[in-house]
Structure formats: structure tokens, C-alpha cells
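Residue numbers (UniProt numbering): 1 to 623.
Written out as C-alpha cells, the structure reads:
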């Protein structure tokens with residue numbers, strides 16, 4: 001080992017990392033330089049120790065404890081602690097140091113070495129340097145592999161220190177790398193259908209971070225791929241009608257493809273298949289009178305390899321089935337028959353068995369209708385048959401329900417779909433606002449000046465009726481003991497504004513049923529006169545109010561021209577505007593005034609306009 005200079009001494013940690021410390025900083029507690037000829041190996045503790053040990057901060061105690069383990073962390077030190085601790089505190093029983101001592105900013109640090117490098121040529125007392133892992137070669141060429149294959153290989157790598165190694169790799173351009181069963185074993189898999197040269201790098205790393213790398217190369221040789229085609233397809237036609245179809249196939253190598261029909265069991269059993277051209281176009285012709293399913297194989301070849309597709313063809317009859325949709329009332333008890341009459345074009349010499357299935361609808365089997373029979377048979381020589389569904393009656397208000405059915409047979413050109421409607425004949429859920437609470441005119445949206453409203457619901461008896469306003473529950477309505485099926489609800493006092501009320505009725509295990517909503521506007525504002533116009537051209541005046549007018553008593557509205565009463569006739573009231581005409585001419589430049597008596601004008605909620613007297617600005621205007 002090289003001898004350190006006078007100004008610098010090099011120490012080694014157990015991890016093999018060099019630590020260069022200024023000689024001025026490598027002192028014992030008395031300030032003496034530390035070397036083999038100094039007090040560190042000769043003086044006893046009583047020669048070095050102060051009268052009393054300086055107190056230690058907790059941070060320094062932790063730092064020293066860590067330092068004794070070789071894990072010194074200078075940032076752990078308390079920067080405010082500056083008193084040195086005697087080196088003798090760290091002496092072993094044989095007066096030798098367990099490591100190195102470093103005084104920094106007055107704080108003594110102790111390392112985890114067995115001895116200091118004293119600058120001589122004997123390094124047997126020092127921790128050796130870490131040795132990086134080493135591959136036996138910097139490159140590795142794998143044996144060629146075939147396209148769509150894989151290569152498993154084991155790397156030859158050693159670590160002189162016997163450290164366990166970890167591995168990482170770069171991504172191949174045309175494949176993937178996975179770990180094998182052993183640490184040094186790897187598997188290279190090329191991308192699908194790739195052939196050519198590929199390479200990647202594998203890195204070995206020891207626990208100290210030292211690394212070595214190897215570049216691995218591989219050649220992937222091409223092979224011929226079989227043509228690519230879907231495994232199967234299903235088609236349909238009618239009896240006696242030929243069907244044209246295609247088989248779509250591709251080839252990775254873009255070799256020309258040929259098509260043929262399977263033989264023996266792989267040939268059609270109930271028809272014939274003709275190859276139309278070399279592009280995969282075919283024609284299937286069912287045998288005369290055949291109805292049912294036929295299947296066969298199409299073979300696709302690139303001259304070296306073959307692929308097959310199984311084609312299944314459903315040959316249906318030519319009969320067209322029809323039936324009307326049906327609606328029946330549910331009834332209160334027992335069952336009601338829902339009858340579907342199924343018709344075909346013409347009678348056949350054999351029976352037609354129609355398979356029946358429920359395909360949709362809101363009605364439930366065994367709750368709204370009895371269990372369906374799976375088939376219905378249309379006998380030979382007949383052109384119609386009835387299929388009956390038994391509807392289960394009840395007294396629950398649940399709204400109308402539907403039942404969607406399908407009837408199918410290979411004798412039919414297409415399945416028959418029908419819909420049955422179960423009409424609810426139980427009392428409907430209706431929500432109303434009591435007429436004496438509705439101050440508006442008919443056909444309005446429930447405008448009122450009342451803040452506490454009475455809502456009435458009619459529905460089935462013994463139900464749970466919940467009232468909502470703007471989708472928020474207000475509570476449960478109470479059934480009228482004298483009028484079963486009628487429910488009442490009194491709201492709390494409402495603020496001015498618009499509300500959308502609805503009722504939800506729940507009975508036994510049925511789905512809840514909601515009423516149609518009603519809109520109510522609570523209007524507490526009195527109307528005001530917002531605009532007054534007069535015209536000398538047509539001798540009319542218009543009064544515009546702040547709200548739509550529900551009631552206007554023309555006898556309570558009088559006009560003056562230059563302080564003289566003039567007669568006026570009410571022509572119209574539209575929305576919030578009233579128009580009057582005069583029997584005498586209005587004089588241009590004259591002053592027109594209006595007065596409105598109490599109870600003469602009201603809005604839709606019944607709020608009355610406050611009386612207006614003559615000369616009340618801005619009611620007087622100049623023509």
C-alpha cells in the first residue's frame with residue numbers, strides 16, 4: 001500500500017469505500033496526531049482522560065453508537081455539541097482502537113475498522129477492497145433458434161467475495177427475457193413470427209453496487225407458418241335456396257393460398273359446396289327438402305401447411321309465422337287467460353313443434369303469470385294454434401306489465417316474437433292538490449298563496465304512501481278511515497318557490513309505484529303596476545303588471561286626462577298586460593293618469609294589487 005502524504009491519511013471502511021481525512025482533523029482528545037508512535041498505542045486512559053468526561057447530547061450518543069458499528073452518519077451529530085470525548089473511551093482492553101477516530105468540529109467520531117492504516121506496507125490488519133462480479137466473457141452468442149421458439153441459457157459469472165448477485169437486462173428489440181429456474185439462468189423468447197438477429201445486455205450487481213455486463217446475441221431462423229383462418233363460422237339459409245359465403249384467410253409469408261372442401265365426415269352431409277374461385281368464395285346448396293343443420297370443413301393451404309375452418313349452416317323452412325300482440329286485464333284473483341293465436345302460411349304434411357321462450361318484459365313467472373310450457377305443436381294439416389299464458393290476478397297497484405315471447409322451429413323462415421301486456425286494473429295512484437288550496441285558474445300549474453298544503457293520494461287500500469317534494473321525502477300520508485284507498489298529507493309551511501310533489505306507494509313484495517308528479521308554486525308576492533303607456537294615435541292605454549293577471553275588475557280602474565275623468569273600455573287581458581281604449585280622443589301633450597281600487601287586480605295565486613291613487617308617480621304620463 002502507498003504511504004500517505006504528510007498532509008493526508010487514507011482510511012478504509014468495511015464496505016471498501018475510501019475515506020480521506022485531513023491529518024489536522026485526525027487527533028486524539030489532547031490534540032496529538034494519531035499514528036503508531038503516538039499515545040494511541042502507548043498511553044493509558046489516565047494519561048488521556050480529562051478531570052471529568054464531558055456530557056454527551058443524545059444525538060452524539062446515537063452517532064457514536066452507530067459509528068462503533070461501522071455505520072457512522074455525520075448528519076446524525078448534534079452540531080451544537082463541540083466538546084471532544086477522550087479517545088481513551090474507545091480503547092479496547094488491550095489499549096488498541098476498535099476503528100478510526102475522527103474529530104470534526106470538536107466532535108469525536110469512531111469508525112468500525114479493526115485497525116487504522118498506519119501507512120506501512122502491511123495491509124493484513126486492514127479491511128480488503130470489494131471485488132466486482134466478473135463474467136467469463138463480455139459477449140455471448142446463443143445457438144440459433146427457430147421462429148416462434150425460445151432459448152434457455154445459463155451465464156458464467158463469478159464474484160471473488162462470494163457475494164450473492166442480482167441481475168437486470170435491457171429489453172431485446174424483438175423479444176422478451178424472463179428469469180429461469182436458477183439465478184444465472186434466463187429464457188429469451190422472440191416476438192411472434194419474428195426472424196432475424198436480436199441482442200440485449202444483462203447486468204450482474206453485487207450488494208455493494210459493483211457491476212459487470214455481458215452482451216447476448218441470438219439469431220432467429222424463419223419457418224413457414226400455417227395460413228391463419230377463424231376456426232369456425234355459422235350461417236343460415238332457407239330450404240332449397242343456395243347460399244354464397246366467404247372464408248377469409250391470410251398468410252404471414254404472403255404465400256398464395258388454395259381452398260378445398262373436406263372429404264368423408266368433413267364434407268357436407270345434406271348439401272353440396274362448390275368452390276367459386278381461388279379467393280375463398282363458395283356456394284352451399286342444401287339437398288332438396290332438407291331442413292336442419294349441416295356442417296363441413298374448408299381446407300386452406302399455402303403449399304406446405306394447412307389450416308381448416310368448420311362451417312355450420314342452419315337450413316330453415318320457408319313458412320312464415322304471425323301472431324298479434326295481446327293485452328288482458330290482470331283481475332283481482334284467480335287467473336286470466338292470455339291467448340296468442342299463431343298462424344302459418346300453409347298447412348304442412350307433418351307436425352311443427354314450436355319451441356317457446358321468454359325473451360323479455362317486466363312480468364315475472366310464478367308471480368304475474370303461471371309457469372310457461374316449453375313447446376306448442378301445430379298439427380299436420382293445420383295453419384293455426386293457440387298458446388295460452390295464465391295471468392295471476394292480485395289487488396296490488398303495480399302498473400301495467402309486459403311479457404315478451406319467442407316461438408321458433410326449423411320449419412319457420414324466422415322466429416316469431418310477440419308481446420303480451422298485463423293491464424293493471426287495481427286503483428291507480430293519483431296525487432292531487434286539494435282544490436281549496438289551489439288559488440289559480442284551471443289548467444295552471446298549482447299556483448297558490450297558501451304555505452301549508454293538503455295533498456291527497458288515491459290508491460289501493462292498506463298501502464304505504466310516502467310523499468316527496470323535489471325528490472326529498474316529506475313523510476308518510478295517512479289513510480282516510482271513512483274513505484279506504486284515500487290518503488291525506490298536510491305539508492309544513494313552505495317557503496316561496498316552486499315544488500314538484502309526488503307520491504310513492506308500496507304494497508307487500510311488489511315494486512314501489514309512483515304517481516305522476518304535480519307542480520306547485522307558492523307565490524306570496526303582490527302584483528304591482530310596472531309600466532303604463534298611452535297612445536294618441538289609436539286612443540289606447542296599456543297597463544303592464546309584475547305578474548300574470550288572473551282577475552281584473554275594469555270598474556275598479558279609472559283614467560283622467562289633465563285631471564278630468566275620461567271613460568275607457570277594457571279591450572283585453574293577456575298575461576300580465578291589460579289594454580284599454582277611450583271613447584274620446586286623447587290629446588297629444590296632455591297628462592294621462594290612472595287609479596286602481598282595492599280588489600281590482602289579482603295574480604294567479606290570488607294575491608291582490610295594492611290600491612293606486614291618481615297622481616301617484618309614475619302612474620301619470622304625458623301623451
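The C-beta atom is built at its ideal place from N, Cα and C for all residues, glycine as well. Note that the structure is a prediction, hence the values are computed from the model and not measured.
Give the straight-line distance between the Cα atoms of residue i and residue j, rounded to the nearest whole angstrom.
i	j	result
residue 151	residue 228	25 Å
residue 438	residue 456	13 Å
residue 424	residue 368	11 Å
residue 373	residue 244	38 Å
residue 198	residue 187	14 Å
residue 302	residue 295	24 Å
residue 330	residue 365	14 Å
residue 524	residue 605	8 Å
residue 210	residue 169	16 Å
residue 290	residue 270	7 Å
residue 615	residue 543	16 Å
residue 575	residue 568	20 Å
residue 393	residue 386	21 Å
residue 430	residue 493	23 Å
residue 292	residue 355	15 Å
residue 282	residue 344	33 Å
residue 612	residue 549	16 Å
residue 202	residue 213	6 Å
residue 590	residue 546	26 Å
residue 299	residue 247	10 Å
residue 486	residue 466	13 Å
residue 185	residue 230	38 Å
residue 516	residue 472	16 Å
residue 29	residue 139	Because residue 29 carries a pLDDT of 37, less than 50, the predicted location of this residue cannot be relied on, and no value is offered for it.
residue 305	residue 180	33 Å
residue 347	residue 325	23 Å
residue 476	residue 384	53 Å
From this set, the options, which residue's C-alpha is nearest residue i's C-alpha?
i	options	result
residue 681	304, 349, 371, 314	Residue 681 lies beyond the residue range present for the chain, which begins at 1 and ends at 623; the question has no answer from this structure.
residue 260	251, 253, 249, 275	275
residue 421	481, 328, 435	328
residue 136	181, 204, 416	204
residue 207	383, 277, 160, 587	160
residue 352	149, 593, 365, 380	380
residue 511	183, 591, 312, 398	398
residue 464	264, 479, 470	479
residue 154	280, 436, 314, 183	183
residue 536	249, 622, 280, 515	622
residue 221	196, 250, 231, 531	196
residue 226	308, 284, 233, 202	308
residue 586	561, 268, 594	561
residue 597	171, 528, 487	528
residue 626	563, 172, 349, 178	Absent from the structure is residue 626, since the part of the chain shown begins at 1 and ends at 623.
residue 450	418, 468, 408, 497	497
residue 551	515, 254, 609	609
residue 315	138, 241, 515	241
residue 468	408, 444, 501	501
residue 491	419, 405, 384, 434	434
residue 405	342, 378, 526, 470	342
residue 141	215, 470, 164	215
residue 340	254, 349, 319, 376	376
Look up residue i in the DSSP assignment and give the residues it is bridged to.
i	result
residue 234	312
residue 561	564, 592
residue 456	432, 488
residue 479	487
residue 464	506
residue 390	337
residue 292	315
residue 212	204
residue 602	551, 608
residue 297	310
Compute the beta-carbon to beta-carbon distance between residue i and residue j, rounded to the nearest angstrom, for a pair I have assumed lies under 8 Å.
i	j	result
residue 460	residue 507	6 Å
residue 193	residue 252	5 Å
residue 311	residue 257	Not confirmed; about 17 Å, so no contact.
residue 323	residue 416	6 Å
residue 555	residue 580	Rounded, the Cβ-Cβ distance is 12 Å, inconsistent with contact.
residue 190	residue 237	That belief does not hold up - the Cβ atoms of residue 190 and residue 237 are roughly 45 Å apart, past 8 Å.
residue 448	residue 440	7 Å
residue 600	residue 566	Between residue 566 and residue 600 the Cβ distance is about 18 Å, and since that is not below 8 Å, they are no contact.
residue 401	residue 362	5 Å
- Message: In chain order, what are the residue ranges of uninterrupted beta strand (DSSP E) at least 3 long that sit wholly in the region 320–363?
- Response: If we require 3 residues or more, the beta strand (DSSP E) runs fully inside the region 320–363 come out as 326–329, 335–343, 352–360.
- Item | Within the region 234–270, ranges of the alpha helix (DSSP H) (whole runs, at least 4 residues) | Within the region 234–270, complete alpha helix (DSSP H) segments of at least 4 residues are not found at all.
- Segments of 3+ residues assigned as beta strand (DSSP E) that fall wholly inside the region 483–564: Listed in chain order, the beta strand (DSSP E) runs fully inside the region 483–564 are 486–490, 497–506, 518–522, 529–535, 540–545, 549–552, 557–561, counting runs of at least 3 residues.
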